[in-house]
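Working notes for the structure below.
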Amino acid sequence: MFELSQEHESFRKVVRDFAEKEIAPHVAQWDREHHFPVGVVHAMGELGLFGLVVPEQYGGSGADFTTLCVAIEELGRIDQSIGITLEAGVGLGINPILTYGTQAQKQQWLPDLVAGRTLAGFGLTEPEAGSDAGATKTRAVLDNGDWVINGAKAFITNSGTDITSVVTVTAKTGDGEISTIMVPSGTPGFTVEPAYDKLGWHISDTHGLTFDDCRVPEENLLGTRGHGFKQFLAVLDDGRIAISALAVGLAQGCLDLSVRYANERTTFGAPIGAKQGIAFQLADLAVSVEAARLLTYKAAALKDAGRSAKAVKQAASIAKLYSTEAAVTATRIATQVFGGNGFMEEFAVARFYRDAKILEIGEGTSEVQRMLIARGLGLPI
Ligand SMILES: Cc1cc2nc3c(=O)[nH]c(=O)nc-3n(C[C@H](O)[C@H](O)[C@H](O)COP(=O)(O)OP(=O)(O)OC[C@H]3O[C@@H](n4cnc5c(N)ncnc54)[C@H](O)[C@@H]3O)c2cc1C
4 MFELSQEHES
14 FRKVVRDFAE
24 KEIAPHVAQW
34 DREHHFPVGV
44 VHAMGELGLF
54 GLVVPEQYGG
64 SGADFTTLCV
74 AIEELGRIDQ
84 SIGITLEAGV
94 GLGINPILTY
104 GTQAQKQQWL
114 PDLVAGRTLA
124 GFGLTEPEAG
134 SDAGATKTRA
144 VLDNGDWVIN
154 GAKAFITNSG
164 TDITSVVTVT
174 AKTGDGEIST
184 IMVPSGTPGF
194 TVEPAYDKLG
204 WHISDTHGLT
214 FDDCRVPEEN
224 LLGTRGHGFK
234 QFLAVLDDGR
244 IAISALAVGL
254 AQGCLDLSVR
264 YANERTTFGA
274 PIGAKQGIAF
284 QLADLAVSVE
294 AARLLTYKAA
304 ALKDAGRSAK
314 AVKQAASIAK
324 LYSTEAAVTA
334 TRIATQVFGG
344 NGFMEEFAVA
354 RFYRDAKILE
364 IGEGTSEVQR
374 MLIARGLGLP
384 I
C-alpha cells in the first residue's frame, strides 16, 4: 500500500479546499487572540468530519480510519490547533463513547458530537499522573446510586469550550481498580479551571479540571467497571496514529511554504533555493515528510484491515515517534529558510514552530513511544 485510494485523494481535496478557504485567512488572528472558533467546529461538523468513523445510525458516514487521518493531516497543514480540535474531538471525545458506551449513552451523546454541535473531552492526565497514568489519584465512590468524584485532571483538550457537553474521566473506583466515568458539563462540583497560558496551540481549548464531591448517576460509568486503564490504552493507540497524521500535515505545510519562499527570496543575485545549503535541507525535509506519511498510513491501514491490536499498537508508536520528531525538525528548517521573517508571527512558519513541540509530548511522549516500541521488540523495559 504505497498510495491512498482515489476516494481518499478526492476527499483530501475537499478538506484542503475547506482549510484554505475557511481557516487559513483567519488563523493568525485567532491565534493572536487565543480565540476558539465555535463556528468553524460547526462547519467541520456540517462537512461530516466529526462523523467520519461513526456508523450512520449515529449520524456518521461509516468511513475508514484512513479517511479521518487524511482530514486531520489536511487541517494540520494549515493550522495545528484546528487539527487537534478534530483529532481530540473524535479520538478522545467520540471514540471512547462509540467503543465502550451503552446504546443509551451513544444515543444521548453521539448525534450532537458527530454533527459538531457539541464537543467532548477525555480526562486521563493528572497533576501527578501523566506518562505514569496508572498513578491516577482521582477517586469515585458509589453512594446512593451516584458516583461521587473527587480529584483533579490536568491539560484536558476541548474540556471548557462553550459547546463542551461532557468529559470522560478516569478515576480509582477501588484498590487497583480504575474506571471511566462520564461527567456532563455544568455538573455541580465539576469546575473547569481557567485556560492555560500555552507556548502554542493557542486556538485549541485546554483546561485543568477539579472535582469536589461531584455527583453523577451510577449509569454514567463508561464500559466495564475496573477496565478504565485498559480502555484508555486502546483509545490512545488510535489517537497516536491520528497525532502522527497531524504531524505529517505540519511537516508538509513547512515544506510547501519553504519551497515557495526559497523560489521567491533572492540573495547574492539568485533565489536562495539555488544554494545547496537551502535546497538540500528542503530535499531532506521532503524525504522525512514522505517517510512520516508512509508510516502514518501504514498504521492506519493495519487498523482498517483489522490487524491484531499488538501490530497496530507497534505501528502507531513507530509512526507517532517518527512523524512528531520529523515535524519539530521541519519547523526548525522552515523558520531558518525564512530567515528573520521566520521569527515573525506574520509568517505561518513562526506559529508552526511554536505549535510543533507539543506533538512530541501529547498522547504519550517520545520517551513513552520508545518504551512501547522496545517492549514490542520483546525487551524487558
Ligand atoms: C496542550 C496539551 C493538551 C493535552 N490534552 C490532553 C487531554 O485531552 N487529555 C489528557 O488526558 N491529557 C492531555 N494532555 C496531557 C499529556 O498527554 C501529558 O502531558 C503527557 O502524557 C506527559 O505527561 P506529563 O506532562 O505528566 O509528563 P511526565 O510524565 O511527568 O514526564 C516528564 C518527562 O519525563 C519523561 N518520562 C516519564 N516517564 C519516563 C520513563 N519511564 N522513561 C523515560 N522517560 C520518562 C517524559 O517522557 C517527559 O519527558 C495534554 C497536554 C498538553 C500540554
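Quick note: the sequence shown uses our numbering, first residue 4, plus one each step.
Cβ coordinates follow ideal geometry from the N, Cα and C atoms, glycine included.
Contacts around residue i, its chain only, beta-carbon distance under 6 Å, and the 5 residues preceding and following it disregarded
| i | result |
| --- | --- |
| G211 | A157, E196 |
| K306 | F68, V315 |
| I85 | I26, L78 |
| G242 | G94, E366 |
| A22 | E77, L78, I81 |
| T141 | G154, A174 |
| A66 | L55 |
| T269 | none |
Extent of the continuous alpha helix (DSSP H) to which residue i belongs
| i | result |
| --- | --- |
| Y86 | According to the sequence displayed, residue 86 carries Gly and not Tyr. Unbroken alpha helix (DSSP H) run through G86: 83-91. |
| I321 | 312-340 |
| S369 | 369-379 |
| I246 | 231-267 |
| A351 | 351-359 |
| A31 | 30-36 |
Extent of the continuous beta strand (DSSP E) run through residue i
| i | result |
| --- | --- |
| P220 | 209-220 |
| T16 | For the sequence presented, residue 16 should be read as Lys rather than Thr. Counting along the chain, K16 falls outside any beta strand (DSSP E), though it belongs to the alpha helix (DSSP H) covering 9-21. |
| R296 | Segment 279-307 is the alpha helix (DSSP H) holding R296; no beta strand (DSSP E) there. |
| F5 | It is not in any beta strand (DSSP E) - F5 carries neither H nor E in the DSSP assignment. |
| P187 | 180-187 |
| A198 | 193-198 |
Own chain partners of residue i with C-beta closer than 8 Å, once the 5 adjacent residues on each side are dropped
| i | result |
| --- | --- |
| A18 | Contrary to the premise, residue 18 reads as Val rather than Ala in this sequence. Cβ within range, chain order: L50, L52, V73, A74, E77, L78. |
| A46 | F21, E25, G119 |
| G256 | G79, R80, I81, A351, F355 |
| I376 | Q317, S320, I321, L324 |
| P378 | Correcting the residue identity first, residue 378 is Arg in this sequence and not Pro. Result list for R378: I384, in chain order. |
| K3 | With the chain represented from 4 up to 384, any question about residue 3 goes unanswered, as that position is not in the structure. |
| G179 | none |
| A237 | T102, A312 |
| S369 | L324, T327, E328, E363 |
Beta-carbon proximity list for residue i, same chain, < 7 Å, skipping 5 on both sides
| i | result |
| --- | --- |
| F341 | Y264, F350, V352 |
| M297 | Just to set this straight, residue 297 is Leu in the shown sequence, not Met. Result list for L297: empty, nothing under 7 Å. |
| G132 | Note on identity: in this sequence residue 132 is Ala, with Gly being the wrong assignment. Closer than 7 Å at the Cβ level, and outside the excluded window around A132, lie A138, T139, K140. |
| L260 | A337, A351, V352 |
| G226 | Y103, T183, Q234 |
| D165 | V41 |
| E59 | G65 |
| S14 | Reading the sequence as shown, one finds Phe at residue 14 and not Ser. So the list reads T70, V73, once near-sequence residues are dropped. |
- Task: Pair every Cβ in the region 262-275 with every Cβ in the region 217-224, then say whether three or more of these pairs are closer than 8 Å.
- Result: no
- Please go through the region 48-77 and give each complete beta strand (DSSP E) segment of 3 or more residues, from N-terminal end onward. none
- If we count Cβ pairs, one from each stretch, closer than 8 Å, do we get three or more for the region 278-287 versus the region 344-356? no
- Message: Below 8 Å, how does it come out for the region 320-333 and the region 364-371: are there three or more Cβ pairs, yes or no?
- Response: yes
- Message: Counting beta carbon pairs with one atom in the region 119-131 and one in the region 244-259, are three or more of them shorter than 8 Å?
- Response: no
- Query: For the region 376-384 against the region 139-156, are there 3 or more C-beta pairs whose distance is under 8 Å?
  - Reply: no
- Query: With contact counted as at least three CB pairs below 8 Å, one residue from each stretch, are the region 136-143 and the region 105-116 in contact?
  - Reply: no
- Task: Enumerate, from N- to C-terminal direction, the unbroken alpha helix (DSSP H) stretches of 4 or more residues contained entirely within the region 95-168.
- Result: 98-103, 106-117
- Message: Whether or not the region 194-209 and the region 157-174 are in contact is what I'm after, with contact meaning three or more pairs of Cβ atoms, one per stretch, closer than 8 Å; do they touch?
- Response: yes
- Between the region 228-236 and the region 167-174, do three or more beta carbon pairs fall short of 8 Å? yes
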